[in-house]
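S.K.: The opening residue of the sequence shown carries number 1 in full-length UniProt numbering; numbering runs sequentially from there. Heads up, the beta-carbon is just placed ideally off N, CA and C, and yes, glycines get one too. Quick caveat, the model's predicted, so the values are computed rather than measured.
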Amino acid sequence: MRKRFKKVLGRYKNLDQVYILPYRSYGTYSHLYIKGRVLDNEPLHIIKDQSLWKTIKNTWKQFDSFEIPDAKMQLILRDKVNLTGTTNDEGYFIFDKTIEKNLAEHADREGWLEYEIYYKNNLAPKTELLNDPAIGEFLVPQVDAEYGVISDIDDTILQTGVTSFLKLRLLKNSLLTNAYERISFKGAPGLYQKLHEGVKKESKNPIFYLSNSPWNLYEYLKLFLDHNGFPKGPILLRDFVTPFDRTLKPEKPHKQKEITNILKTYPDMKFILIGDSGEHDASIYTDIAAQYSDRILAIYLRSVKHKKQMARVRSLIDNFDTVPVLMAENSTEAEKHARENGFIQ
1 MRKRFKKVLG
11 RYKNLDQVYI
21 LPYRSYGTYS
31 HLYIKGRVLD
41 NEPLHIIKDQ
51 SLWKTIKNTW
61 KQFDSFEIPD
71 AKMQLILRDK
81 VNLTGTTNDE
91 GYFIFDKTIE
101 KNLAEHADRE
111 GWLEYEIYYK
121 NNLAPKTELL
131 NDPAIGEFLV
141 PQVDAEYGVI
151 SDIDDTILQT
161 GVTSFLKLRL
171 LKNSLLTNAY
181 ERISFKGAPG
191 LYQKLHEGVK
201 KESKNPIFYL
211 SNSPWNLYEY
221 LKLFLDHNGF
231 PKGPILLRDF
241 VTPFDRTLKP
251 EKPHKQKEIT
261 NILKTYPDMK
271 FILIGDSGEH
281 DASIYTDIAA
291 QYSDRILAIY
301 LRSVKHKKQM
311 ARVRSLIDNF
321 DTVPVLMAEN
331 STEAEKHARE
341 NGFIQ
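The structure is reproduced here in structure tokens:
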């Protein structure tokens, strides 16, 4: 409440702390796209044995964010990049730049680079800078990657209950369940690790994670993925939209836009698309496959327990023969198909 009151009075001149949160992103040898946010918040602290009350407080804190607009930021990536920028009204910073030098020269064997983000505004005497600099990660897939994987998160690898009655299970899972207690679908981490390794078992195939969840849940979802042993990959969420938001809606759904951007970023790479049959993944993925038929190796859709949705998806994919589409009951079926088609060993 105190922060809320300060915000009304122009709290940006009296910050308690500055927290820089860079998001895992991706690019090429000559182009970087890095996004993150600057907040007057503490990092999200989630522990395995926290109480229900602490879980509710963490959930509230993720959405009760205090963004810092007009903050001057500096990005440094070894001897390759030294850029400056400013956060927007929602506290987001974006660095979207073509670079003449080879960005991947200092990447690790999987293609990840670390960079530093600095907060350059003057600090008030009582303002604490929590991470100086903040360390972010940026993926440049190796040129000898066999293929990439673009996967939905919700009800594809993370059980959300999006198709439950009145979405009650979705609300319980999202608001009242500790990230350490969230359940991944059986066998999913192993399947994704095998796809990441590919036939050559070199762990070079990039994995991109998509969700319609807002960026407010980034730390929560990142913790879930890392804790459950999924391969590290860029996490692509969307801006939080309130009922009072008057901005124009995008022409394309969030997932379709992000998948198209990935395909355009890596024009020589083929992809496997993974989603579920519960919402709109089937129609989005088949539209993408029809448009990029030479780029999509296969579509895997996890079956959900919802008769109406399943019937709608079946009618959509039964006559779709542009690329292979597998409606999988579990990860074992998807792994078998991947092995039979030479995607994994």
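On the three-pair Cβ rule with 8 Å, is the region 257-277 touching the region 216-226?
M.R.: no
S.K.: Below 6 Å CB to CB, which residues in the same chain sit around residue 18 once its five sequence neighbours on both sides are set aside?
M.R.: Taking the sequence shown and counting its residues from 1, the one referred to as residue 18 is at position 18. Around residue 18: 119 and 129.
S.K.: What is the DSSP secondary structure of residue 290, counted as helix, strand or coil?
M.R.: Within the sequence shown, the letter at position 290 stands for residue 290. Helix.
S.K.: Within 10 Å of its beta-carbon, does residue 41 have 16 or more other beta-carbons around it, so buried, or fewer, so exposed?
M.R.: On the sequence shown, residue 41 is found 41 positions in, with the first residue counted as 1. Answer is buried; the Cβ neighbour count reaches 16.
S.K.: Have a look at residue 230 and residue 84 and give me their C-alpha separation to the nearest angstrom.
M.R.: Sequence index remark: in the sequence shown, residue 230 carries index 230 (1-based). Sequence index remark: in the sequence shown, residue 84 carries index 84 (1-based). Their Cα atoms are separated by approximately 33 Å.
S.K.: Locate the beta strand (DSSP E) running through residue 74, then write down its first and last residues.
M.R.: What you label residue 74 is simply residue 74 of the sequence shown in a count that begins at 1. Segment 72-77, the beta strand (DSSP E) holding residue 74.
S.K.: Is residue 97 near residue 86, with beta carbons less than 8 Å apart?
M.R.: The residue labelled residue 97 in the question sits at position 97 within the sequence shown. The residue labelled residue 86 in the question sits at position 86 within the sequence shown. No, they are not a contact pair.
S.K.: Roughly how many whole angstroms lie between the Cα atoms of residue 193 and residue 203?
M.R.: As a first step, residue 193 must be located in the sequence shown, where it is residue number 193. As a first step, residue 203 must be located in the sequence shown, where it is residue number 203. About 8 Å.
S.K.: Using a Cβ-Cβ cutoff of less than 8 Å, which residues in the same chain neighbour residue 332 once the five nearest sequence positions on both sides are dropped?
M.R.: Mapped onto the sequence shown, residue 332 falls at position 332. Scanning its chain for C-beta atoms nearer than 8 Å, with the 5 sequence neighbours on each side dropped, one finds around residue 332 the residues 187, in chain order.
S.K.: Taking the alpha helix (DSSP H) that residue 254 belongs to, which residues open and close that run?
M.R.: What you label residue 254 is simply residue 254 of the sequence shown in a count that begins at 1. Note, residue 254: alpha helix (DSSP H), 254-265.
S.K.: Identify, in the order they occur along the chain, each residue of the same chain with its Cβ nearer than 6 Å to the Cβ of residue 269, setting aside the five sequence neighbours on each side.
M.R.: Walking along the sequence shown from the start, residue 269 turns up at place 269. If we look at residue 269 and ignore the five residues flanking it on each side, its Cβ neighbours are 148.
S.K.: Any chance you could list the alpha helix (DSSP H) runs of at least 4 consecutive residues sitting entirely within the region 215-244, in chain order?
M.R.: 218-227
S.K.: What does the alpha-carbon distance come out to for the pair residue 300 and residue 334?
M.R.: Working through the sequence shown from its first residue, we reach residue 300 at position 300. Working through the sequence shown from its first residue, we reach residue 334 at position 334. Cα-Cα distance, rounded: 7 Å.
S.K.: What residues in its chain sit with their C-beta under 8 Å from that of residue 328, if we drop five residues either side in the sequence?
M.R.: For the purposes of this step, residue 328 is taken as residue 328 along the sequence shown, with counting starting at 1. Correct list, in chain order: 300, 301, 302, 303, 334 and 337.
S.K.: Roughly how many whole angstroms lie between the Cα atoms of residue 34 and residue 207?
M.R.: Looking up residue 34 in the sequence shown gives position 34. Looking up residue 207 in the sequence shown gives position 207. Going from the Cα of residue 34 to the Cα of residue 207 covers about 17 Å.
S.K.: Skipping 5 residues on each side, what residues in its chain have a beta carbon closer than 6 Å to that of residue 133?
M.R.: Position 133 of the sequence shown, counted from the start, is the residue given in the question as residue 133. 116, 117 and 118.
S.K.: Which value, in whole angstroms, describes the spacing of the CA atoms of residue 157 and residue 314?
M.R.: On the sequence shown, residue 157 is found 157 positions in, with the first residue counted as 1. On the sequence shown, residue 314 is found 314 positions in, with the first residue counted as 1. Near 21 Å, if we compare the C-alpha coordinates of residue 314 and residue 157.
S.K.: Which runs of the beta strand (DSSP E) at least 3 residues long sit entirely within the region 122-151? Give them in chain order.
M.R.: 134-139
S.K.: The beta strand (DSSP E) spanning residue 336 covers which residue range?
M.R.: Translated into the one-based positions of the sequence shown, residue 336 becomes position 336. Not the beta strand (DSSP E): residue 336 falls in the alpha helix (DSSP H), residues 331-340.
S.K.: Taking the C-alpha atoms as reference points, what is the distance between residue 325 and residue 292?
M.R.: Taking the first residue of the sequence shown as position 1, residue 325 is located at position 325. Taking the first residue of the sequence shown as position 1, residue 292 is located at position 292. Using only the alpha carbons, I get a separation of about 14 Å.
S.K.: According to DSSP, which residues form a beta bridge with residue 300?
M.R.: Position 300 of the sequence shown, counted from the first residue, corresponds to residue 300. Per DSSP, 274 and 326.
S.K.: Between residue 15 and residue 68, how many whole angstroms is the CB-CB distance? I'm expecting something under 8 Å.
M.R.: In the sequence shown, counting from the first residue as 1, residue 15 sits at position 15. In the sequence shown, counting from the first residue as 1, residue 68 sits at position 68. Between residue 68 and residue 15 the Cβ distance is about 7 Å, and since that is below 8 Å, they are a contact.
S.K.: How big is the Cα-Cα spacing for residue 24 and residue 139?
M.R.: Here residue 24 refers to the residue found at position 24 when the sequence shown is read from its first residue. Here residue 139 refers to the residue found at position 139 when the sequence shown is read from its first residue. So the alpha carbons of these two residues sit roughly 8 Å apart.
S.K.: Rounded to whole angstroms, what is the Cα-Cα separation between residue 105 and residue 144?
M.R.: Taking the first residue of the sequence shown as position 1, residue 105 is located at position 105. Taking the first residue of the sequence shown as position 1, residue 144 is located at position 144. Going from the Cα of residue 105 to the Cα of residue 144 covers about 15 Å.
S.K.: List the DSSP bridge partners of residue 204.
M.R.: The count along the sequence shown starts at 1 and reaches residue 204 at position 204. Residue 204 is not bridged to any residue.
S.K.: Going by DSSP, which residues form a beta bridge with residue 20?
M.R.: Taking the first residue of the sequence shown as 1, we reach residue 20 at position 20. 38.
S.K.: Going by the CB atoms, is the gap between residue 316 and residue 289 shorter than 8 Å?
M.R.: For the purposes of this step, residue 289 is identified with residue 289 of the sequence shown, where counting begins at 1. For the purposes of this step, residue 316 is identified with residue 316 of the sequence shown, where counting begins at 1. No, the Cβ-Cβ distance between residue 289 and residue 316 is not below 8 Å.
S.K.: Which stretch, first to last residue, makes up the beta strand (DSSP E) that contains residue 97?
M.R.: Position 97 of the sequence shown, counted from the start, is the residue given in the question as residue 97. Per DSSP, residue 97 belongs to the beta strand (DSSP E) from 92-98.
S.K.: I'd like to confirm the pairing. Which residues does DSSP put opposite residue 83 in its beta bridges?
M.R.: Within the sequence shown, the letter at position 83 stands for residue 83. DSSP lists 75 as partners of residue 83.
S.K.: How would you call residue 125, buried or exposed, if buried means at least 16 neighbouring beta carbons within 10 angstroms?
M.R.: Looking up residue 125 in the sequence shown gives position 125. Label assigned to residue 125: exposed.
S.K.: Our contact map puts residue 271 next to residue 150 with C-beta atoms below 8 Å; I'd like the distance itself, whole angstroms only.
M.R.: For the purposes of this step, residue 271 is taken as residue 271 along the sequence shown, with counting starting at 1. For the purposes of this step, residue 150 is taken as residue 150 along the sequence shown, with counting starting at 1. Indeed they touch by this definition, with Cβ atoms about 6 Å apart.
S.K.: Looking at the structure shown, is residue 111 part of a helix, part of a strand, or coil, going by DSSP?
M.R.: As a working note, residue 111 is residue 111 in the sequence shown. Residue 111: coil per DSSP, three-state reduction.
S.K.: For residue 189 and residue 330, what's the separation of their Cα atoms in angstroms?
M.R.: In the sequence shown, residue 189 corresponds to position 189, counting from 1. In the sequence shown, residue 330 corresponds to position 330, counting from 1. Their Cα atoms are separated by approximately 12 Å.
S.K.: By Cβ distance, which residues of its chain are closer than 8 Å to residue 80, with the 5 residues on each side in sequence left out?
M.R.: For the purposes of this step, residue 80 is taken as the residue at position 80 of the sequence shown. Excluding sequence neighbours, residue 80 sits near 99, 101, 102, 103, 105 and 106.
S.K.: Here's the rule I'm using: 16 or more other beta-carbon atoms within 10 Å means buried, otherwise exposed. How should residue 340 be labelled?
M.R.: Sequence index remark: in the sequence shown, residue 340 carries index 340 (1-based). Per the 10 Å Cβ criterion, exposed.
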